[in-house]
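Chains as they are written, first to last, in full-length UniProt numbering: chain A, 1 to 202; chain B, 1 to 202.
Cβ coordinates follow ideal geometry from the N, Cα and C atoms, glycine included.
All figures in this text were calculated on a predicted structure; none of them were measured in a lab.
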DNA sequence: TAATTTTAACGACACTGTGTTGATAATACA
DNA sequence: TGTATTATCAACACAGTGTCGTTAAAATTA
């Protein structure tokens, strides 16, 4: 049951999504109107409403599409899901996060706009939730028992998810000065060892 | 040179700011209009424009006021600013963060609305910047030399600032289940020791 | 207290952007 | 080729904005 999509529909939606990214980048999400979007996409304004309810709906569907694609592209290896030793090593990058940075690097122009634009609905929150899932299963693997945690579990999950997301944004804002692998290594180091080098006098 | 403020002006602005918080809490920032705000404040719509340029301007000035008040209320002790030993102890809460949580607790209804409302302009970013300053000076005190850091300095600052902010939001969303002192202690523990209890087999 | 200044209230206005509709033209597909 | 489907276009009512001129109320000053 292959449902064929009218190529005109596909074309129109792509034009609208591309126009949205461009205009957010140029003027910011709040400033732009449906009129602006359709004008940039060289489409009639009424056509917009044949596909999306409003500006927010267009943004939401665009965001979902990209985030779903990200999740689908990150498949943790079976070994990594069970091998605790890999996670314990503070110098060994976590493969999931290497893939995360790599995938973002491929679509970096898109991610940069959607993540660095302040107060853009949905996208940052959506990515944070995805990262929370990764963090949550990572912590569970290392410490299935709450007593092995230094702080309440849900606090720890949100602590690191927000921190990781912020580092991703930092990386994009600075035009990706390091490789995905290096970034994943850094995240692992700061998480396992904290901000300071081990103090021999401690 | 004491500049006297007309009490009518003070009253009007307070009414508008209170109405804004209420309506954000009830309907969300995006949904509400200047009309709604003045109606809730029992003021004429034209009066609004005598004091603020638009809805965003009202939000911005309200946010600035609260954040300035927060900064002013947090005065680090001289000892804390120089005594590295206090910071090194992972079980001793940092006094700055105790005060931060305490101040937020006092105005918790306001902070809860402004911090948990998604995509509210200015406020979260403003608080994050304030926390970044605290984190930055804390890290500088512990590690004035970059070689003593596990990751690049600006990356570490943003990592922890975002993480701390997220924990504050988590605390408010869960209706402050722990005391400010406990929260500050938790932040210190997870920062210095990481998420997992020290492993004797490591 | 009385006079003067400042601010709020009110009604009206043009303007922008929205969401929809009905008719027509263009495109896709069987 | 014929039949859907989709896009275009002009027009419409509507909601919200920002401003203006006038009038009323309140605060400050003499």
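Task: Top-ranked residue by Cα proximity to residue 18(B), from 105(B), 96(B), 111(B) and 103(B) - done: 111(B)
Task: residue 131(B) versus residue 29(B): straight-line alpha-carbon distance, rounded - done: 24 Å
Open item on the list: 8 Å is my cut-off, CB to CB: does residue 21(A) come that close to chain B?
Closed with: no
TODO: Check whether the stretch 142-158 of chain A touches the stretch 191-199 of chain A, taking contact to mean three or more Cβ pairs, one atom from each stretch, closer than 8 Å.
DONE: no
TODO: Have a look at residue 12(B) and residue 45(B) and give me their C-alpha separation to the nearest angstrom.
DONE: 12 Å
Task: Selection of the stretch 141-160 of chain B by Cβ proximity to chain A, strictly under 8 Å - done: 142, 143, 147, 148, 149, 150, 151, 152, 154, 155, 156, 158, 159 and 160
Task: Limits of the alpha helix (DSSP H) - the one that residue 126(A) falls within - done: 123-142
Task: residue 16(A) vs residue 50(A) beta-carbon contact at 8 Å - done: no
TODO: Below 8 Å CB to CB, which residues in the same chain sit around residue 52(B) once its five sequence neighbours on both sides are set aside?
DONE: 16, 58 and 61
Open item on the list: Going by DSSP in three states, residue 196(B) sits in which element: helix, strand or coil?
Closed with: strand
Task: Contact residues within the stretch 183-198 of chain A, judged by C-beta distance below 7 Å to chain B - done: 186, 189, 190, 191, 192, 193, 194, 195, 196 and 197
TODO: For residue 119(B), decide whether its Cβ has a neighbour in chain A, counting only Cβ atoms nearer than 8 Å.
DONE: yes
Task: 7 Å CB neighbourhood of residue 100(A) in its chain, flanking five on each side removed - done: 74
Open item on the list: Using the three-state DSSP reduction, which class does residue 50(A) fall into: helix, strand or coil?
Closed with: helix
Task: Through-space distance from residue 157(B) to residue 129(B), alpha-carbon basis - done: 10 Å
Open item on the list: I want to see whether chain B comes within less than 8 Å of residue 139(A), judged by CB atoms only; does it?
Closed with: yes
Task: Classification of residue 198(A) by the beta-carbon crowding that lies within 10 angstroms, buried from 16 upward - done: exposed
Open item on the list: Against chain B, with Cβ distances strictly below 8 Å, would residue 167(A) count as a contact?
Closed with: yes
Task: Residue from 123(B), 164(B) and 127(B) whose Cα sits closest to the Cα of residue 56(B) - done: 123(B)
Open item on the list: Less than 8 Å between the C-beta atoms of residue 9(B) and residue 159(A), yes or no?
Closed with: no
TODO: Consider the Cβ of residue 64(B): report whether some Cβ of chain A lies at a distance smaller than 8 Å.
DONE: no
Open item on the list: By the three-class DSSP mapping on this structure, what secondary structure does residue 149(A) have?
Closed with: strand
Open item on the list: By alpha-carbon positions, which one of 121(A), 184(A), 170(A) and 24(A) ends up nearest to residue 64(A)?
Closed with: 121(A)
Task: Per-residue burial, residue 103(B) [other beta carbons within 10 Å of its own, 16 or more giving buried] - done: buried
Task: Distance between residue 136(B) and residue 196(B) (C-alpha atoms, nearest Å) - done: 24 Å
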